[in-house]
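What follows is a single structure, written as structure tokens, with notes after it.
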Amino acid sequence: MDAIFQWGLDFIIVIQQIDTPLLDSFFRAITSLGDESFYLLLFPFLLWCVDFYLGIRVGIIFLLSVYANNGLKEIFQQPRPFEILAEIQKVQASGYGFPSGHAQSSLVVWGSIAYWKKQIWIRNLSVLLILLIGFSRIYLGVHFPTDILGGWLFGGLILGLSYFIFLKFKLDFIRGNMIFKIIGITLLPVIL
215 MDAIFQWGLD FIIVIQQIDT PLLDSFFRAI TSLGDESFYL LLFPFLLWCV
265 DFYLGIRVGI IFLLSVYANN GLKEIFQQPR PFEILAEIQK VQASGYGFPS
315 GHAQSSLVVW GSIAYWKKQI WIRNLSVLLI LLIGFSRIYL GVHFPTDILG
365 GWLFGGLILG LSYFIFLKFK LDFIRGNMIF KIIGITLLPV IL
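Just so you know, we're using this note's numbering here: the sequence shown kicks off at 215 and counts up by one.
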């Protein structure tokens, strides 16, 4: 395991050799697109302005992912890179590192949006955000590359499972029913 940590630290150090204040600001902004607080703004937007059904599906999958990620972090209990080499840390992060919650959540949220919204520009933007959010966590020194890969792996499993569940149980009872829309709009931010 030490060899994997050392390889990860070496990788981060190489990446951080290109750091500039502009890149630091850029990757801090990108990483914020994977924060739970950003998703608290995104879900009401999806519900009200884009597609209520999409907002519900993405919100449910996101909640599943957050709970799974917290459990997985407790199982693996892997340190973050800055706990081994403090000078590489560029932003605050707490808790265990593996799997990356940002990588997992970004794959689940943006992957869901890409799947259910068929426009090519949405799909391309989603893939770009997933990759940039994952890379930003490495660049900022809060995750090893293996944390990101693990987050994407578990995010993909959750996305695949949720795809099966939504095909099996279409949740059509939500469509068009105003009481479910009001409850969803009210409770989703509270739950998150």
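Just so it is clear, CB atoms sit at the ideal spot from N, CA and C, and this is done for glycine as well.
From a predicted model like this one, the values you see are computed outputs, not experimental measurements.
Endpoints, the alpha helix (DSSP H) within which residue i is located
i, result
"Ala300", "Per DSSP, Ala300 belongs to no alpha helix (DSSP H) and is neither H nor E."
"Ala307", "First-last for Ala307: undefined, no H or E at that position."
"Thr234", "Careful: Thr234 lies outside any alpha helix (DSSP H) and carries neither H nor E."
"Ser320", "Gly315 to Trp330"
"Leu255", "Glu250 to Phe259"
"Trp335", "Ile334 to Tyr353"
"Val272", "Phe266 to Phe290"
Which listed residue (the options) has its alpha carbon closest to that of residue i
i, options, result
"Asn283", "Phe259, Ser314, Phe380 and Leu346", "Ser314"
"Ile336", "Trp324, Leu286, Leu346 and Leu345", "Trp324"
"Tyr310", "Lys331, Leu286, Ile327 and Tyr353", "Leu286"
"Ile362", "His316, Leu342 and Lys332", "His316"
"Gly348", "Leu278, Gly364 and Gln333", "Gly364"
"Ile298", "Leu237, Ile344 and Gly355", "Gly355"
"Gly374", "Val272, Phe290, Leu343 and Phe225", "Val272"
"Ser239", "Gly370, Lys304 and Asp265", "Lys304"
"Gln230", "Pro359, Leu367, Ile352 and Ile372", "Ile352"
"Ala328", "Leu255, Gly370 and Trp262", "Gly370"
"Phe358", "Asp233, Phe312 and Leu345", "Phe312"
"Trp366", "Gln220, Ile344 and Trp330", "Ile344"
"Asp216", "Lys332, Thr360, Phe378 and Phe257", "Thr360"
For residue j and residue i, believed in contact at Cβ under 8 Å, the rounded distance
i, j, result
"Pro295", "Gly248", "Incorrect: roughly 17 Å between the Cβ atoms, too far for contact."
"Ser279", "Val322", "4 Å"
"Thr245", "Ser350", "4 Å"
"Ser326", "Ile275", "5 Å"
"Leu260", "Leu268", "6 Å"
"Ile227", "Ile302", "7 Å"
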